[in-house]
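Contents: one structure, followed by commentary.
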């Protein structure tokens with residue numbers, strides 16, 4: 002009996018766990034590889050995975066005209082999948098193919114010749130101050146959902162942490178005396194981030210008055226109303242919904258991270274410290290924030306242009 006792709010995905014995920022990859026990373030692989038497996042059919046066998054079937058799968062993603070059809074929380078929407086989301090499937094499949102070859106399940110790497118689709122160069126359009134004000138003004142901090150959302154948004158804008166890092170915060174990781182949180186970033190790398198006294202005020206109120214009684218031994222800071230850890234999908238949904246309610250449909254967790262990083266530099270922060278705060282391993286990754294969004298560049302150029310301070314109306318004009 003041939004080994005099925007779903008079984009191999011389970012083994013691959015187990016390997017990633019033994020390599021100390023985060024739960025979010027393992028789930029990331031599972032989702033994308035699972036999408037490919039379901040595309041092939043019910044419990045497809047390994048021989049069905051070829052470079053041609055993978056290319057056909059990627060093409061099917063590129064041809065999609067709607068999304069969220071099977072999402073448990075978000076209603077279906079018109080519009081194709083993003084180039085970045087499709088690109089992530091290629092990355093996951095190539096990693097899976099590498100593992101299959103290394104583990105002896107295939108005689109050669111099935112996807113050596115598979116090229117990643119090109120990606121558009123992103124423009125970082127951060128939240129404006131007016132949008133941030135509008136976002137917080139719509140929150141009712143006197144309810145569980147409102148206070149939890151308030152704390153989530155404050156932490157994103159205050160620390161620039163990733164969504165997976167926020168979801169992984171435990172009660173014991175918070176040092177209330179120093180206003181710091183110990184978090185685990187990509188590659189299970191530990192770092193310490195600081196939070197503002199204003200953020201602390203809301204976090205304390207959430208913990209003392211609104212955080213649900215956890216089911217079992219869950220120590221995560223952010224729980225659902227049932228007392229279980231908030232999931233990535235639930236977090237994405239609540240942030241998206243908060244944005245849509247105040248006419249900011251582009252709002253998502255990584256936009257909040259971008260906003261923190263760009264505003265940190267605009268307010269005088271240095272890029273070396275920003276690299277450490279964001280948990281980047283390479284300064285090149287951080288340097289993207291030096292290239293601010295086009296609108297911010299134009300605003301700053303207009304604001305500080307030397308020509309703006311000239312009083313040309315007082316210049317004497319020569320008669321011709």
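Residue numbers (the working numbering): 2 to 321.
All C-beta atoms in this analysis are idealised placements derived from N, C-alpha and C, irrespective of residue type, glycine included.
Sorting 18, 17, 112 and 79 by C-alpha distance to the C-alpha of residue 59 places 112 at the top. Residue 86 is classed as exposed because its beta carbon has fewer than 16 other beta carbons within 10 Å across all chains shown.
Taking all protein chains shown into account, residue 288 has fewer than 16 neighbouring C-beta atoms within 10 Å of its C-beta and is therefore exposed. If you draw a 10 Å sphere on the C-beta of residue 305, you find fewer than 16 other C-beta atoms in it, and that means exposed. Here DSSP, grouped into helix, strand and coil, assigns residue 104 to coil.
Secondary structure note for residue 195: it is in no alpha helix (DSSP H), and the uninterrupted beta strand (DSSP E) holding it is 191 to 195.
In the DSSP annotation of this structure, the continuous segment of the beta strand (DSSP E) that includes residue 184 starts and ends at 181 to 185. For residue 38, the enclosing alpha helix (DSSP H) covers residues 24 to 41.
Rounded to the nearest whole angstrom, the CA to CA distance from residue 50 to residue 251 is 36 Å. Nearest Cα to residue 255 within the set 163, 197 and 170: 163. DSSP places residue 13 inside the alpha helix (DSSP H), whose first and last residues are 6 to 19. Inter-segment contact for the region 235 to 249 and the region 128 to 141 is present: three or more beta-carbon pairs are separated by less than 8 Å. A residue is called buried when at least 16 other Cβ atoms come within 10 angstroms of its Cβ; residue 61 does not meet this threshold and is exposed.
In the pairwise beta carbon analysis, the region 88 to 107 is classified as not touching the region 227 to 246: fewer than three pairs are separated by under 8 Å. DSSP places residue 276 in the helix class (H, G or I) of the three-state scheme. Linking residue 44 to residue 286 through their CA atoms gives a straight-line distance of about 39 Å. Per the C-alpha coordinates, the member of 284, 140, 35 and 195 positioned closest to residue 159 is 195. For the set 83, 68 and 122, the Cα lying nearest the Cα of residue 77 is the one of 68. Annotation for residue 54: 41 place their beta carbon closer than 7 Å to its own, counting only its chain and skipping 5 residues before and after.
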